[in-house]
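First residue of the sequence shown: 1, per full-length UniProt numbering; consecutive thereafter.
Comments concern the structure below.
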Amino acid sequence: MAGNSGKNYRDGAVKNRSQFKAPNGNYVKRDATTGRFIDQKTSGGKFKGVRTEK
Numbered sequence: 001m002a003g004n005s006g007k008n009y010r011d012g013a014v015k016n017r018s019q020f021k022a023p024n025g026n027y028v029k030r031d032a033t034t035g036r037f038i039d040q041k042t043s044g045g046k047f048k049g050v051r052t053e054k
């Protein structure tokens, strides 16, 4: 399980999650096992510790 280090990064990766950039410019987090969308980031930038899809 990923955990916050207190130094502006995570130790380890978040498992069973991936993210991609949606057409509206926001990053969307996806559950890797079911393929369902979990969350959309509206403040800009990427989710920390979540791998990015190509």
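We put the CB at the ideal spot given by N, CA and C, even for glycine.
- For the pair Phe47 and Lys54, the CB atoms are not nearer than the 8 angstroms cut-off.
- Excluding sequence positions up to five before and after Thr33, its CB lies within less than 6 angstroms of the CB of Asn16, all in the same chain and listed in chain order.
- For Arg30, the enclosing beta strand (DSSP E) has its first and last residue at 27–31.
- Here the C-alpha atom of Gln19 lies approximately 6 angstroms from the C-alpha atom of Arg30.
- Listed in chain order, the beta strand (DSSP E) runs fully inside the UniProt region "Disordered" (1–54) are 17–21, 27–31, 37–40, counting runs of at least 3 residues.
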